[in-house]
Structures are given as C-alpha cells and as structure tokens.
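In the numbering used here, the protein residues as written are 79 to 353.
Just so it is clear, CB atoms sit at the ideal spot from N, CA and C, and this is done for glycine as well.
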Amino acid sequence: MTRPLARLEAAEPLPTRPAIRIRDLRKVFGQLVAIDGVSLDIAPGEFFMIVGPSGCGKTTLLRILAGLDSVTSGAIEIETPHSQRPVNSMIFQGDSIFPWMTVWDNAAYGLKMRRVPSATVKEVVGHYLARTGLTRFAKYYPHQLSGGMRQRVSIARAFANDPEILLMDEPFSALDAQNKLLLQEELLHIWEEHKKTVVFITHSVDEAVFLGDRIMVMTAQPGKVKTFVPVPLARPRNIMELQKMPQFGELIAHIWSSLREEVHRARQQEEEIKS
Ligand SMILES: Nc1ncnc2c1ncn2[C@@H]1O[C@H](COP(=O)(O)OP(=O)(O)O)[C@@H](O)[C@H]1O
Ligand SMILES: [Mg+2]
79 MTRPLARLEA
89 AEPLPTRPAI
99 RIRDLRKVFG
109 QLVAIDGVSL
119 DIAPGEFFMI
129 VGPSGCGKTT
139 LLRILAGLDS
149 VTSGAIEIET
159 PHSQRPVNSM
169 IFQGDSIFPW
179 MTVWDNAAYG
189 LKMRRVPSAT
199 VKEVVGHYLA
209 RTGLTRFAKY
219 YPHQLSGGMR
229 QRVSIARAFA
239 NDPEILLMDE
249 PFSALDAQNK
259 LLLQEELLHI
269 WEEHKKTVVF
279 ITHSVDEAVF
289 LGDRIMVMTA
299 QPGKVKTFVP
309 VPLARPRNIM
319 ELQKMPQFGE
329 LIAHIWSSLR
339 EEVHRARQQE
349 EEIKS
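The structure is reproduced here in structure tokens:
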C-alpha cells in the first residue's frame, strides 16, 4: 500500500530513500559550537556540494560522515544497500596517498585490505588508472609525480575502492587552474559511469555549479544550513559550453550573493577574536 503522506512528512522530498540522512546535527568543541542544527537528505547518486566560509564546519561535517569524528547530538543515517562494499572513501585537500607505495599499490590498497581476489584487483585498478591517465605511471612513487597526478591517484584509489559514498574535502584547491579543470572533467566522466553518491566541499562557487546537482550554502560559525540551491544544468556538462550559458552565470551570482554575507560575517568574527 502506498502512503501518500510519506512524501509530505519528509524534510526534503526525495524520489527514493536518501543515501544520507542528517537530522539536527550539532557538534561542539569545548566552548565552540562548530555545527548547530544541520538537517539534510542526500539522494543516492546525488552529486552534493557544500560551500561556506572558512571555519563554518564543512570539514567537521565530512569527518563525521566518514566516521572520523563523533556527533555531540543529532542523528546520521547512511544507507548501505551493498553490504559488501565499504561505506565511504575520503579524498582530502592535500594528497593523502602513501609515499612508500607505488601508484598501483596506492590505488589497490582498499581492495587488498578487503582481500578482494587478485584478478579483480588487477582489473579494477587497471581500469581506474586508465581512466585517470596514470597507466604509464603505475610503478612510480608519489615523489616522482606532480601534485595534480598525486590527486589523480587519490581519485583512482577512491573509485577503485567502490564505496557507497565518496567524501571529498576541497580535493582540487591546491592545484593550478589548468590541472584543476582537467581533474574536474575527469571526475565528472568517472562519476557519470557509476553515479556514486558524492559529498564534495569546495570554496569555489564556479566549481560547485560546474560539478553539483545541488549546493548547500552554510552560514558562518556556528555552521547551519543557509540555503539549498538546485543546479538544473543538463549533463554531461562541458565547462566551455556552460560558460556560454546565461543560466550558469546566474547560478554563480545567486550562490555568491548568499555566500558573501557569510564570508563577511566570518571575517568580522575573526577580527573580534584578534582584538
Ligand atoms: N578537533 C578540533 N578541536 C577544536 N576545534 C576544532 C576541531 N576541529 C575543528 N575545530 C574548529 O571548528 C570550527 C570548524 O572547523 P572546520 O570544520 O575545519 O571548518 P571548515 O572546514 O568549514 O573551514 C573551526 O572554528 C575549527 O577551529
Ligand atoms: Mg575545511
């Protein structure tokens, strides 16, 4: 029997059960309220973006989703339909690959830890190294690679690990503009193949609109949801095409106008602390 009211009861109506459901999340560090009452649902396969001023609790939220940090109060549910898969893989801003392992071994790490049969490891790692343009560098060590290539290894490793959810914390912000663009495109191509649920933090409004299905703008500390902005741009997306579309510019302007108030508030808070 269908329950016509069920959709109305949901905080954010979604066509299917959410992959991630957060209710009234609060996180306190001593005196500091980092996150204050965040509620949101993320749909399976959604590319969900988070923007907010520095210090508003974005990384804290992601670390909580990754199970690296605890909540002070509130509820988090993560749907895991494929119980044999890891729940999440996290990609950080700096490269987080192991310096003593080759590119291949880094990409294979998660699968080997799960004792996946070696033939499967070979196939999966081979696939993602090819997708990230790293096949020729399989035997290289991280110190022999550029920052952009190391970040590609992180992406290959995360996708090879086949998690339910990918958590990305400003993964491209240390890269130069050209490498960043190439990696954004590669990430979108790989994502189009599998439509994994992605939670992606960025301080770049352009990046949020280029990549995301939906953008959450957070307030200055204590971090709350300021607004959700859907990105109704068709996929697959091409940055050159997008830049010609008035809608792309309008979305960026809309998000930036919401964000800039919070960036100003965050700056005022910093000045108050200093004085
Ligand atoms: N382990 C911690 N102990 C104390 N304070 C922390 C800790 N982690 C983060 N914070 C504080 O919580 C706030 C939010 O931090 P963070 O989540 O890193 O923000 P963002 O990623 O949005 O810049 C900041 O004021 C930060 O200093
Ligand atoms: Mg952060």
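Counting only the same chain and skipping the five closest in sequence on each side, list residues whose C-beta sits under 8 angstroms from that of residue i.
| i | result |
| --- | --- |
| Q171 | D247, E248, P249, S251 and A252 |
| M318 | none |
| L329 | V287, V307, V309 and L311 |
| W182 | V203, L207, A216 and K217 |
| T305 | M294, V295 and S336 |
| E242 | A97, I156, E157, T158, P159, H160, R163, P164, V165, N166, K274 and T275 |
Between which two residues does the alpha helix (DSSP H) holding residue i run?
| i | result |
| --- | --- |
| G211 | It is not in any alpha helix (DSSP H) - G211 carries neither H nor E in the DSSP assignment. |
| T138 | K136 to L143 |
Need the endpoints of the beta strand (DSSP E) that residue i sits in, please.
| i | result |
| --- | --- |
| S151 | S151 to I156 |
| D119 | L110 to I120 |
| K105 | I98 to F107 |
With distances taken from CA atoms, which of the options is nearest residue i?
| i | options | result |
| --- | --- | --- |
| V106 | I142, P122 and T94 | I142 |
| T297 | I128, I98 and I120 | I128 |
| N166 | S151, A153, H160 and A144 | A144 |
| T280 | T137, D114 and S196 | T137 |
| I156 | F326, G225, I100 and L266 | I100 |
| R338 | I120, G301, K273 and P131 | P131 |
| A344 | R228, A112 and Q299 | Q299 |
| Q282 | Q109, G290 and L103 | Gln is not the amino acid found at residue 282; the sequence shown has Ser there. Residue G290 is the option with its Cα nearest to S282. |
| L266 | D114, Q321 and P314 | P314 |
| R230 | G123, V341 and A185 | A185 |
| C134 | E350, Q346, E340 and S353 | E340 |
| E270 | I120, A97 and E124 | E124 |
| V194 | A238, Q222, L259 and P96 | A238 |
| K273 | Q256, A255, L223 and L244 | L244 |
| S161 | K352, Q256, T198 and R192 | R192 |
| T210 | E264, L189, G188 and Y187 | E264 |
Name, in chain order, the residues that DSSP records as bridge partners for residue i.
| i | result |
| --- | --- |
| S382 | Residue 382 lies beyond the range of the chain shown here (79 to 353); nothing can be said about it. |
| K190 | Its beta-bridge partners do not exist; DSSP assigns none. |
| S167 | L244 |
| M127 | F278 and I293 |
Ordered along the chain, which non-local residues of its own chain (more than five positions away) have a Cβ less than 6 angstroms from that of residue i?
| i | result |
| --- | --- |
| D240 | R163 |
| I169 | S232, A236, M246 and P249 |
| P177 | P220 |
| E349 | none |
| V111 | P300 |
| W334 | V283 |
| A97 | I120, P122, E157 and T275 |
| D102 | G115, S117 and G152 |
| D147 | R141 |
| I154 | I100 |
Could you pull out every residue in the same chain whose Cβ sits closer than 7 angstroms to the Cβ of residue i, ignoring the five residues on either side in sequence?
| i | result |
| --- | --- |
| D284 | I330 |
| L86 | With a pLDDT of 36 at L86, under the threshold of 50, the modelled position of this residue cannot be trusted, and the question is left open. |
| D114 | R104, P300, G301 and K302 |
| G226 | L253, N257 and L261 |
| L320 | F288, L311 and F326 |
* Asked: Can you give, in chain order, each stretch of the alpha helix (DSSP H) that sits fully within the stretch 276-345 and has at least 4 residues?
  -> 283-289 and 317-322
Subject >> Entirely enclosed alpha helix (DSSP H) segments - the stretch 221-277, minimum 4 residues >> reply: 225-238 and 255-272
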